[in-house]
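The next block holds one structure in the form of structure tokens; read it before the comments.
2 protein chains.
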Amino acid sequence: MRMLIVEDDRDLNRQLSEALEDAGYVVDKAYDGEEGHFLGDTEPYDAVILDLGLPQMDGLSVLERWRRDGHSMPVLILTARDRWSDKVAGIDAGADDYVAKPFHMEEVLARVRALVRRAAGLASNEISIGDIVLDTKAGKVTKNGMSVKLTSHEFRLLSYLMHHKGRVISRTELVEHLYDQDFDRDSNTIEVFVGRLRKKFGSSLIETVRGLGYRLQEENA
Amino acid sequence: MRMLIVEDDRDLNRQLSEALEDAGYVVDKAYDGEEGHFLGDTEPYDAVILDLGLPQMDGLSVLERWRRDGHSMPVLILTARDRWSDKVAGIDAGADDYVAKPFHMEEVLARVRALVRRAAGLASNEISIGDIVLDTKAGKVTKNGMSVKLTSHEFRLLSYLMHHKGRVISRTELVEHLYDQDFDRDSNTIEVFVGRLRKKFGSSLIETVRGLGYRLQEENA
DNA sequence: TAGATCTTATGCGAATGTTGATCGTTGAAG
DNA sequence: CTTCAACGATCAACATTCGCATAAGATCTA
Numbered sequence: 048m049r050m051l052i053v054e055d056d057r058d059l060n061r062q063l064s065e066a067l068e069d070a071g072y073v074v075d076k077a078y079d080g081e082e083g084h085f086l087g088d089t090e091p092y093d094a095v096i097l098d099l100g101l102p103q104m105d106g107l108s109v110l111e112r113w114r115r116d117g118h119s120m121p122v123l124i125l126t127a128r129d130r131w132s133d134k135v136a137g138i139d140a141g142a143d144d145y146v147a148k149p150f151h152m153e154e155v156l157a158r159v160r161a162l163v164r165r166a167a168g169l170a171s172n173e174i175s176i177g178d179i180v181l182d183t184k185a186g187k188v189t190k191n192g193m194s195v196k197l198t199s200h201e202f203r204l205l206s207y208l209m210h211h212k213g214r215v216i217s218r219t220e221l222v223e224h225l226y227d228q229d230f231d232r233d234s235n236t237i238e239v240f241v242g243r244l245r246k247k248f249g250s251s252l253i254e255t256v257r258g259l260g261y262r263l264q265e266e267n268a
Numbered sequence: 048m049r050m051l052i053v054e055d056d057r058d059l060n061r062q063l064s065e066a067l068e069d070a071g072y073v074v075d076k077a078y079d080g081e082e083g084h085f086l087g088d089t090e091p092y093d094a095v096i097l098d099l100g101l102p103q104m105d106g107l108s109v110l111e112r113w114r115r116d117g118h119s120m121p122v123l124i125l126t127a128r129d130r131w132s133d134k135v136a137g138i139d140a141g142a143d144d145y146v147a148k149p150f151h152m153e154e155v156l157a158r159v160r161a162l163v164r165r166a167a168g169l170a171s172n173e174i175s176i177g178d179i180v181l182d183t184k185a186g187k188v189t190k191n192g193m194s195v196k197l198t199s200h201e202f203r204l205l206s207y208l209m210h211h212k213g214r215v216i217s218r219t220e221l222v223e224h225l226y227d228q229d230f231d232r233d234s235n236t237i238e239v240f241v242g243r244l245r246k247k248f249g250s251s252l253i254e255t256v257r258g259l260g261y262r263l264q265e266e267n268a
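As structure tokens, this is what we get:
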């Protein structure tokens, strides 16, 4: 995890970076708004600690410019002032959290932990196989980056297969997972859907294992 | 967006819920820890405001139990105490933010906005998609810079979709987040509102994924 | 109470799911 | 090597479900 600290008080900056480094983070330091803005704009940080009262460019402006430019890394605001209107401004400018000086180092660490934890939870859920990518969260499938339109059953079938790629899946297992209890066992719906998927993705995607079921090729890149 | 307020002070609870309702949220209320825990455990909230000092079960325990059971909705802790050790405990128990009583309603609103925003992985209070911009702070929507007049439910629906753009949202999920507990599950209100939004913004805005739900096109710049 | 907003009801048309007949393929036995 | 039976693939017709528009009834609000 790589962090940026933007704080003009050298003493405080050092205290913070020591504490964070002890906690196992890699830390970059900036001592004024311009330098801080530049670093945050060019380097990929997992979190930023940003003082509001800064020389050159004030913290709020730095934050606003980052957000306007589409940077969404978590930012923890640090400030001596604690009038509530400042807090509101900071939060609405896109800060993720807020600590008023003077603070206890423990609190800052706890909040940074929370920020990093939270940001990790937002990663999108993608499974890929060859040039096919299935995004379970967006409910979308792409092949070579091109979005492929699937019906809801086609999607569910593909999704199940991709979640168990490399394993042979019996027709029975598929039926059990795609349909509710009472469904005509000897119907060839599954075959039909496999066929439709093959038509959309090429016949090499789903391998049939005669007598047992189907299998998605393991990553054979 | 649907919120839960857990606060035993009836007066404060009412104040909070009125403010949140005015801001366009759907609000459920609980007046003790047990009731609060139960609701948070069973209903899907977009954010929770949780007092620490509660009868039946104390706030921190409520939070810990939620987290242990895998609920990850954002929680804003509210408390009269403001010793920093309580803050750290709260944060490490999985709180996302913290406000000390007495507070300004404005600040709570800003923090709630931030929580909801952050949970969606957004950096700013303005969400845009194509030439449409939704301002969650002002509760306004513009298309090509021109303000568009929406009714309250139209706004809520659009807001929820925009907070989750790119994802397929089921009708069920929409109903659960736009209405409180007792609402007829199989009603076609959602369809009707989707239709109205399409009439106002053009039919390409909301994509329907048959059998699954609706989706806002991801930024396809 | 009027006007705006929200909800329910209905019927149509299209997208999707299912079926069964038929055709192709596989692998083992003769 | 040929033949056969079992199994899987394919296709088109058929059935069903789903979503949408529209409008009327219900409810809220100023």
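Protein chains in written order, with our numbering: chain V, 48 to 268; chain D, 48 to 268. All C-beta atoms, glycine included, are put in the ideal place defined by N, C-alpha and C.
| said: Is the beta carbon of L101(D) closer than 8 Å to that of V53(D)? | reply: Numbered from its first residue, the second sequence carries residue 53(D) at position 6. Numbered from its first residue, the second sequence carries residue 101(D) at position 54. Yes, the pair counts as a contact, with Cβ atoms nearer than the cut-off.
| query | Should P121(D) go down as buried or exposed, given a rule of 16 or more other Cβ atoms within 10 Å for buried? | reply | Mapped onto the second sequence, residue 121(D) falls at position 74. The residue in question, P121(D), is buried, as its Cβ has 16 or more Cβ neighbours within 10 Å.
| query | How far does the alpha helix (DSSP H) with K246(V) in it reach, from first residue to last? | reply | The sequence position of residue 246(V) within the first sequence is 199, counting from 1. That run of the alpha helix (DSSP H) goes 236-248.
| task | Verify the CB distance criterion: does R49(D) have a CB-CB separation below 8 Å to chain V? | result | Translated into the one-based positions of the second sequence, residue 49(D) becomes position 2. False, the Cβ-Cβ gap to chain V never drops below 8 Å.
| At a cut-off of 7 Å, is T183(V) close to the ligand NAP when judged by its beta-carbon and the heavy atoms of the ligand? | This structure lacks the ligand NAP; in fact it carries no ligand of any kind.
| message | Quick check: what's the CA-CA separation for A142(D) versus G260(D)? | response | Taking the second sequence and counting its residues from 1, one reaches residue 142(D) at position 95. Taking the second sequence and counting its residues from 1, one reaches residue 260(D) at position 213. If you take the alpha carbons of A142(D) and G260(D), they lie about 31 Å apart.
| message | For a cutoff of 8 Å on Cβ pairs, would you count D28(D) as touching chain V? | response | Residue 28(D) lies beyond the stretch modelled for chain D, which goes from 48 to 268, so this question has no answer here.
| field | A94(D) - partner residues in DSSP beta bridges | value | On the second sequence, position 47 is the one that residue 94(D) refers to. DSSP lists M50(D) as partners of A94(D).
| Beta-carbon proximity of V146(V) to R160(V), cut-off 8 Å | Taking the first sequence and counting its residues from 1, one reaches residue 146(V) at position 99. Taking the first sequence and counting its residues from 1, one reaches residue 160(V) at position 113. It is not a contact, given that the beta carbons lie outside the stated cut-off.
| field | 3-residue-minimum beta strand (DSSP E) runs that sit fully inside the segment 117-203 of chain D, ordered along the chain | value | 122-126, 144-147, 173-176, 179-182, 187-190, 193-195
| said: Using a Cβ-Cβ distance cut-off of 8 Å, determine whether D157(V) contacts chain D. | reply: The count along the first sequence starts at 1 and reaches residue 157(V) at position 110. Sequence check: residue 157(V) is Ala here, not Asp. True, the Cβ-Cβ gap to chain D drops below 8 Å.
| message | For E153(V) and Y72(V), what's the separation of their Cα atoms in angstroms? | response | Against the first sequence, residue 153(V) aligns to sequence position 106. Against the first sequence, residue 72(V) aligns to sequence position 25. Answer to the nearest angstrom: the Cα atoms are 15 Å apart.
| How about G213(D): is its C-beta nearer than 8 Å to some C-beta of chain V? | The count along the second sequence starts at 1 and reaches residue 213(D) at position 166. By this cut-off, G213(D) is an interface position.
| Three-state secondary structure assigned by DSSP to A268(D) | As a first step, residue 268(D) is located in the second sequence; it is residue number 221 there, counting from the start. Because A268(D) carries a pLDDT of 37, less than 50, the predicted location of this residue cannot be relied on, and no value is offered for it.
| field | Residues near M104(D) by beta carbon distance below 7 Å, same chain, minus five either side | value | Within the second sequence, the letter at position 57 stands for residue 104(D). Once the five neighbours on either side are set aside, the close Cβ partners of M104(D) are G80, E81, H84.
| Endpoints, beta strand (DSSP E) assigned at V74(V) | The residue labelled residue 74(V) in the question sits at position 27 within the first sequence. Per DSSP, V74(V) belongs to the beta strand (DSSP E) from 73-77.
| query | Going by beta carbon distance, what residues of the same chain come within less than 8 Å of E220(D), once the five residues before and after it are set aside? | reply | The sequence position of residue 220(D) within the second sequence is 173, counting from 1. Hits under 8 Å: P91, G260.
| message | Taking 8 Å as the limit between beta carbons, can you name the residues of its chain near E201(V), skipping five residues before and five after? | response | Walking along the first sequence from the start, residue 201(V) turns up at place 154. Close CB contacts of E201(V) within its chain, under the 8 Å cut and outside five residues either way in sequence, are with F240, R243, L244, K247 (chain order).
| task | Give me the Cα-Cα distance between D116(V) and V215(V), rounded to the nearest whole angstrom. | result | On the first sequence, residue 116(V) is found 69 positions in, with the first residue counted as 1. On the first sequence, residue 215(V) is found 168 positions in, with the first residue counted as 1. Taking the straight line from one Cα to the other gives about 47 Å.
| Shorter than 8 Å from the beta carbon of D139(V) to some beta carbon of chain D? | Along the first sequence, one-based indexing puts residue 139(V) at 92. At least one chain D Cβ lies under 8 Å of D139(V).
| task | Can you grab the Cα-Cα spacing for the pair E111(V) / E173(V), in whole Å? | result | Here residue 111(V) is taken as the residue at index 64 of the first sequence, counted from 1. Here residue 173(V) is taken as the residue at index 126 of the first sequence, counted from 1. Going from the Cα of E111(V) to the Cα of E173(V) covers about 31 Å.
| task | Compare the Cα-Cα distances from L4(V) to each of G192(V), G186(V), M193(V) and report the closest residue. | result | As shown, chain V starts at 48 and ends at 268. That puts residue 4(V) outside it, with no answer to give.
| query | Going along chain D in order, which residues have a C-beta closer than 9 Å to the C-beta of R114(V)? | reply | Position 67 of the first sequence, counting from 1, holds the residue named residue 114(V). The contacting residues are A170, S171.
| Does R257(D) come within less than 8 Å of chain V when only Cβ atoms are used? | For this step, residue 257(D) is matched to residue 210 along the second sequence. R257(D) counts as touching chain V.
| message | Taking 8 Å as the threshold (beta carbon to beta carbon), is K246(V) in contact with chain D? | response | Position 199 of the first sequence, counting from 1, holds the residue named residue 246(V). It does not: the Cβ of K246(V) has no partner Cβ on chain D nearer than 8 Å.
| Is the beta carbon of A94(D) sitting closer than 8 Å to the one on L125(D)? | Counting from one through the second sequence, the residue named residue 94(D) turns up at place 47. Counting from one through the second sequence, the residue named residue 125(D) turns up at place 78. Taking a C-beta distance under 8 Å as the contact criterion, A94(D) and L125(D) do not qualify as a contact pair.
| said: Taking the straight line between their C-alpha atoms, what separation do you get for L59(V) and F150(D)? | reply: Residue 59(V) sits at position 12 when you count from the first residue of the first sequence. Residue 150(D) sits at position 103 when you count from the first residue of the second sequence. If I take the Cα positions, the gap works out to 28 Å.
| What's the gap between the Cα of V222(V) and the Cα of S234(V)? | Reading the first sequence from its first residue, position 175 is the one you call residue 222(V). Reading the first sequence from its first residue, position 187 is the one you call residue 234(V). Their backbone Cα atoms lie some 10 Å apart in a straight line.
| What span of residues does the beta strand (DSSP E) with G260(D) cover, start to end? | Within the second sequence, residue 260(D) is the residue found at index 213, counting from 1. Here the beta strand (DSSP E) through G260(D) covers 260-263.
| said: Relative to the C-alpha of S199(V), which candidate in V188(V), D133(V), G213(V) has its C-alpha closest? | reply: As a position in the first sequence, residue 199(V) is number 152, starting the count at 1. Checking every option, the nearest Cα to that of S199(V) belongs to V188(V).
| field | Coil, strand or helix - V222(D) by DSSP | value | Residue mapping note: residue 222(D) aligns to position 175 of the second sequence, counting from 1. In the displayed model, V222(D) falls within a helix according to three-state DSSP.
| task | Give a yes or no on whether the minimum CB-CB distance between A66(D) and chain V is below 8 Å. | result | Residue mapping note: residue 66(D) aligns to position 19 of the second sequence, counting from 1. Interface annotation, A66(D): not in contact with chain V, CB-CB separation never under 8 Å.
| Cβ of D58(D) less than 8 Å from any chain V Cβ? | For the purposes of this step, residue 58(D) is identified with residue 11 of the second sequence, where counting begins at 1. So, not an interface residue.
| task | Round the Cβ separation of A70(D) and L208(D) to the nearest angstrom and send it over; I've been treating them as touching at under 8 Å. | result | What you label residue 70(D) is simply residue 23 of the second sequence in a count that begins at 1. What you label residue 208(D) is simply residue 161 of the second sequence in a count that begins at 1. 18 Å between Cβ atoms; not a contact.
| How would you list, in chain order, the residues of chain D whose beta-carbon sits under 8 Å from the beta-carbon of S199(V)? | On the first sequence, position 152 is the one that residue 199(V) refers to. What S199(V) touches in chain D: V256, R257, G258, L259.
| message | Please report whether the beta-carbon of A185(V) lies at a distance below 8 Å from any beta-carbon of chain D. | response | On the first sequence, residue 185(V) is found 138 positions in, with the first residue counted as 1. Interface criterion met: the Cβ of A185(V) is under 8 Å from a Cβ in chain D.
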